[in-house]
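Chemist: So the sequence lines, in the order shown, correspond to chains A and B. For the first sequence, our numbering assigns the number 1 to the initial residue and increments by one for each residue that follows. For the second sequence, our numbering assigns the number 1 to the initial residue and increments by one for each residue that follows. No residue lacks a Cβ here, since even glycine has one placed at the ideal position from N, Cα and C. Right, I'll just put the structure down here and ask away after.
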Amino acid sequence: MIEVENVSKSFGQTHALIGVDMSVPAGTVQGLLGPNGAGKTTLVRILATLLAPDSGRARISGVDVQHDPNTVRSLIGLAGQYAAVDETLTGRENLVMVGRLYRLGSQLAKTRAEESLERLGLVEAADRPVKTYSGGMRRRLDLGASLVGRPQVLILDEPTTGLDPRTRIDMWSFIRDLVREGTTVLLTTQYLEEADELADHIVVIDRGKVIASGTSDELKSRLGSDLLEVQVAPENLDRTTAELSGIGCDKPSIDTVASRITIPVCDPVPDLMAALRALDTAGIVPKDLGLRRPSLDDVFLALTGRAVGEDEPEQPPATGRRGRQPAGSHQ
Amino acid sequence: MTAASTVSPAAPASPAAEVTPVKPVKVPPSAVFVDAMIVARRNLIRIARTPQLLIFATIQPVMFVLLFRYVFGGSIKVPGTTYVDYLIPGIIVQTVVFGATSTAVGLSQDMSKGIIDRFRSLPMARSAVLAGRTIADLVRNVFVVLLMIVVGTAVGFRFHNGFLPAVAAVLVALLLGYCLSWVFALIGLSVPDPESAQLAGFLPIFPLVFASSVFTTINSMPGWLQAFAKVQPITRAANAVRALTQGGAVATNLIWTIVWSLAIISVFAPLAVRRYRKG
Chain A
1 MIEVENVSKS
11 FGQTHALIGV
21 DMSVPAGTVQ
31 GLLGPNGAGK
41 TTLVRILATL
51 LAPDSGRARI
61 SGVDVQHDPN
71 TVRSLIGLAG
81 QYAAVDETLT
91 GRENLVMVGR
101 LYRLGSQLAK
111 TRAEESLERL
121 GLVEAADRPV
131 KTYSGGMRRR
141 LDLGASLVGR
151 PQVLILDEPT
161 TGLDPRTRID
171 MWSFIRDLVR
181 EGTTVLLTTQ
191 YLEEADELAD
201 HIVVIDRGKV
211 IASGTSDELK
221 SRLGSDLLEV
231 QVAPENLDRT
241 TAELSGIGCD
251 KPSIDTVASR
261 ITIPVCDPVP
271 DLMAALRALD
281 TAGIVPKDLG
291 LRRPSLDDVF
301 LALTGRAVGE
311 DEPEQPPATG
321 RRGRQPAGSH
331 Q
Chain B
1 MTAASTVSPA
11 APASPAAEVT
21 PVKPVKVPPS
31 AVFVDAMIVA
41 RRNLIRIART
51 PQLLIFATIQ
61 PVMFVLLFRY
71 VFGGSIKVPG
81 TTYVDYLIPG
91 IIVQTVVFGA
101 TSTAVGLSQD
111 MSKGIIDRFR
121 SLPMARSAVL
131 AGRTIADLVR
141 NVFVVLLMIV
151 VGTAVGFRFH
161 NGFLPAVAAV
171 LVALLLGYCL
181 SWVFALIGLS
191 VPDPESAQLA
201 GFLPIFPLVF
211 ASSVFTTINS
221 MPGWLQAFAK
231 VQPITRAANA
241 VRALTQGGAV
251 ATNLIWTIVW
261 SLAIISVFAP
271 LAVRRYRKG
């Protein structure tokens, strides 16, 4: 449904995308996971016909985004972290306008707007100007606007960035409903948890390159399903590392500044107990000890050997050519 | 990257990826007008819902009327007419020209809010966003010009050349304003934020409005400036509007105003649309 072949894009000296390949089967959700500036938004803008790639090609339903952008536009819906709705218009007016620009005709545009409002729980707020909406409501309206054209492919650029946890969970359930109806979704996110919740398949992107891809389970088994963290007094760090060397399913990462050892564990509880026994036998009392779920930071550490945000290239200019603000921040 | 080697480097191709061929979607030629009207309607709703912006936008020309009518006007001598009858036609032209700069600010605001990305991702006519914006600004200019005529009349301005030429005067001023809107559309698309659009918009406008016959005759200007002032579109338009409202020879200035307007739009409209397409 979405095919990306060897796509590259540079902005001056910044290589936003370097030979990216990706294929999203119809009716599935592809998670595109990466930190800020990884190139996610650049790829989204190329697929949404907002930006031309320097080389390579991208197709939606077999239609090339560069050769026939108009057909592509009629197939896609775009929603994202920058809620692209008009603040002065009401919610309903926004959706009707978008529907008419999808060439639905005024009657159908009204019907579809009504459907979208109902589905996203915005009926009560429908006739209020968008500037009175909360950040979450704007984001929902933005998603609603991308739905009025009944797109086959929905492109969601960080749809929950900046939303509170409750609103995020609501958003997830809207997205799940759409997928159930057969929509193909490309979802970019900085959150492993979000990709985990929604995506059938995940592509991890960093510095414009695909560095890993697989199902959520595949990526997680690569990381160990959980992490065992042990923090000790600095003088005990080396000894603790040695004592715990047999535990876990991958080599530990050691933070010498915090004197913390993080070990990927595949059998969390037995590994935790083994660690406790080993420490007890050696007479080391840790300052802190526990199990936690892997975060995107851990994926990155495992895949690239560096933490997210460490030595990151500048955000490429075209991912936000203008000083945009996240939705909701200008209320 | 070595770390990626344990995980499959690319998504597996699935048989579900089979897609039925998609019919190409063409934007019909009529779409330009329909889409432009949809966008214009949206922009007019915005203007109507934020009346304070329109009020502030009209205070400035009103101040100019009062300033030149009562402060400077006494020491400006113009041949063959009272200063207020000389001034108001100039003010009408100044008003439409300043009004045209709002195209730059409005477009730039839309860019910064992300709504332009929404439009760009829709299967609509490419020029419709710009046409819709300039049409809305034209409607806005109609309102402001009528207001200036009311204010002008209140301070002593009168039409001395009959009704139809007066209508023609308004139309010719609006034509210039509309065509200039496309210059500001290009500026609005090219600057990084609305504040820059405001400043960049006034940059070309200031010398054009003040080195013209808007406020005073160009005869007192130094020769080199006179040479510029004489031929530039704002002088032509001010003189045409003056002749249409007060009487006198009108043909040359009227023709030049129309020629200038059409030349401006035929250069800048394609440039602005191209800039919009490029993103």
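Could you tell me whether the Cβ of Ile55 (chain B) comes closer than 8 Å to any Cβ of chain A?
Modeler: Answer no: the Cβ-Cβ gap between Ile55 (chain B) and chain A never drops below 8 Å.
Chemist: According to DSSP, is Arg322 (chain A) helix, strand or coil?
Modeler: Since pLDDT at Arg322 (chain A) reaches only 39, below the 50 mark, its modelled position is unreliable, and the value read off the structure follows with that caveat. DSSP places Arg322 (chain A) in coil when its eight states are reduced to three.
Chemist: I need the DSSP call for Val303 (chain B), collapsed to helix, strand or coil.
Modeler: Residue 303 (chain B) lies beyond the range of chain B shown here (1 to 279); nothing can be said about it.
Chemist: Taking a cut of 9 Å between CB atoms, which residues from the segment 20 to 33 of chain B lie near chain A?
Modeler: Of all residues in the segment 20 to 33 of chain B, Thr20, Pro21, Val22, Lys23, Pro24, Val25, Lys26, Val27, Pro28 and Ala31 have a Cβ within less than 9 Å of some Cβ in chain A.
Chemist: In whole angstroms, what is the alpha-carbon distance linking Phe228 (chain B) and Asn141 (chain B)?
Modeler: Near 26 Å, if we compare the C-alpha coordinates of Asn141 (chain B) and Phe228 (chain B).
Chemist: Using a Cβ-Cβ cutoff of less than 6 Å, which residues in the same chain neighbour Leu175 (chain B) once the five nearest sequence positions on both sides are dropped?
Modeler: Closer than 6 Å at the Cβ level, and outside the excluded window around Leu175 (chain B), lie Ser261.
Chemist: Would a C-beta distance cut-off of 8 Å place Leu122 (chain B) and Leu101 (chain A) closer than the cut-off?
Modeler: Yes.
Chemist: With 8 Å as the threshold, decide whether the Cβ of Leu262 (chain B) is near any Cβ in chain A.
Modeler: Not closer than 8 Å to any Cβ of chain A, the Cβ of Leu262 (chain B) fails to qualify, so no.
Chemist: So who's on the other strand from Ala229 (chain B), going by DSSP bridges?
Modeler: None, per the DSSP bridge assignment.
Chemist: Does any residue of chain A have a CB that is nearer than 8 Å to the CB of Pro123 (chain B)?
Modeler: So, interface residue.
Chemist: Please determine, among B:Thr103, B:Arg118, B:Val151 and B:Asp117, the residue with the shortest C-alpha to C-alpha distance to Ala131 (chain B).
Modeler: It is B:Thr103.
Chemist: Contact criterion: CB-CB distance below 8 Å. Does Gly114 (chain B) meet it with respect to chain A?
Modeler: Answer yes: the Cβ-Cβ gap between Gly114 (chain B) and chain A drops below 8 Å somewhere.
Chemist: Compare the C-beta of Asp35 (chain B) with all C-beta atoms of chain A and state if any pair is closer than 8 Å.
Modeler: Asp35 (chain B) counts as touching chain A.
Chemist: Less than 6 Å between C-beta atoms, sequence neighbours within five positions excluded: which residues of the same chain meet that for Gln94 (chain B)?
Modeler: Val209 and Val214, listed in sequence order.
Chemist: For the alpha helix (DSSP H) containing Thr101 (chain B), list its first residue and its last residue.
Modeler: First-last of the alpha helix (DSSP H) with Thr101 (chain B): Tyr83 to Lys113.
Chemist: Please list the residues of the segment 81 to 102 of chain A that have a C-beta atom closer than 8 Å to any C-beta atom in chain B, keeping them in chain order.
Modeler: Residues Tyr82, Ala83, Ala84, Val85, Asp86, Glu87, Thr88, Leu89, Glu93, Met97, Val98, Arg100, Leu101 and Tyr102.
Chemist: Please classify Gln30 (chain A): is it buried, with 16 or more other beta-carbons within 10 angstroms of its beta-carbon, or exposed?
Modeler: Classification of Gln30 (chain A): buried, given that the 10 Å Cβ count is 16 or more.
Chemist: For Asn219 (chain B), does the count of other Cβ atoms within 10 angstroms reach 16, so buried, or fall short, so exposed?
Modeler: Label assigned to Asn219 (chain B): exposed.
Chemist: Look at the alpha carbon of Asn94 (chain A) and the alpha carbon of Arg133 (chain B), and state the distance between them as a whole number of angstroms.
Modeler: Their Cα atoms are separated by approximately 16 Å.
Chemist: Taking the alpha-carbon positions, what's the Ala263 (chain B) to Trp256 (chain B) distance?
Modeler: Answer to the nearest angstrom: the Cα atoms are 10 Å apart.
Chemist: Among residues of its own chain, excluding the 5 on either side of Val20 (chain A), which ones have a beta-carbon nearer than 8 Å to its beta-carbon?
Modeler: Excluding sequence neighbours, Val20 (chain A) sits near Val4, Asn6, Val7, Ser8, Gly39, Leu43, Gly56, Ile205, Gly208, Lys209 and Val210.
Chemist: Could you pull the start and end residues of the alpha helix (DSSP H) that Gly135 (chain A) belongs to?
Modeler: Per DSSP, Gly135 (chain A) belongs to the alpha helix (DSSP H) from Gly135 to Leu147.
Chemist: For Ile135 (chain B), name the three-state secondary structure that DSSP assigns.
Modeler: Helix, per DSSP.
Chemist: Indicate whether at least one CB of chain A lies closer than 8 Å to the CB of Arg46 (chain B).
Modeler: At least one chain A Cβ lies under 8 Å of Arg46 (chain B).
Chemist: With a threshold of 8 Å between beta-carbons, can Asp226 (chain A) be considered close to chain D, or not?
Modeler: Protein chains in the displayed structure are A and B, and chain D is not among them.
Chemist: Considering only the alpha carbon of each residue, which of A:Leu227, A:Val257 and A:Ile76 lies closest to Pro294 (chain A)?
Modeler: That would be A:Leu227, whose Cα lies nearest to the Cα of Pro294 (chain A).
Chemist: Would you grab the beta carbon distance between Arg277 (chain B) and Arg126 (chain B) for me? Rounded to a whole angstrom, and I think it's under 8 Å.
Modeler: So it is a contact: roughly 5 Å between Cβ atoms.
Chemist: Where does Arg176 (chain A) fall in DSSP's three states?
Modeler: Residue state, collapsed to three classes: helix.
Chemist: The alpha helix (DSSP H) that contains Glu193 (chain A), what's its start and end?
Modeler: Start and end: Leu192 to Leu198.
Chemist: On the DSSP bridge list, what partners appear for Ala280 (chain B)?
Modeler: Outside the displayed range of chain B (1 to 279) lies residue 280 (chain B), so it cannot be described from this structure.
Chemist: Closest by CA to Thr161 (chain A), which one among A:Pro25, A:Thr28 and A:Thr41?
Modeler: Taking only the C-alpha atoms, the option nearest Thr161 (chain A) is A:Thr41.
Chemist: Can you tell me where the alpha helix (DSSP H) holding Gly156 (chain B) begins and where it ends?
Modeler: That residue, Gly156 (chain B), is in no alpha helix (DSSP H); it is neither H nor E in DSSP.
Chemist: Consult DSSP for Pro129 (chain A) and reduce its assignment to one of helix, strand or coil.
Modeler: It is a strand residue.
Chemist: Could you tell me the alpha carbon to alpha carbon distance between Val185 (chain A) and Thr71 (chain A), rounded to whole angstroms?
Modeler: Going by the C-alpha atoms only, they are around 18 Å apart.
Chemist: Within the same chain, show all residues whose beta-carbon is closer than 8 Å to that of Gly290 (chain A), passing over the 5 residues directly before and after it, in chain order.
Modeler: Cβ within range, chain order: Leu228 and Glu229.
Chemist: If you drop the 5 nearest sequence neighbours on each side, which residues of the same chain put their C-beta closer than 7 Å to that of Asp280 (chain A)?
Modeler: Excluding residues within five positions, none has a Cβ falling inside 7 Å.
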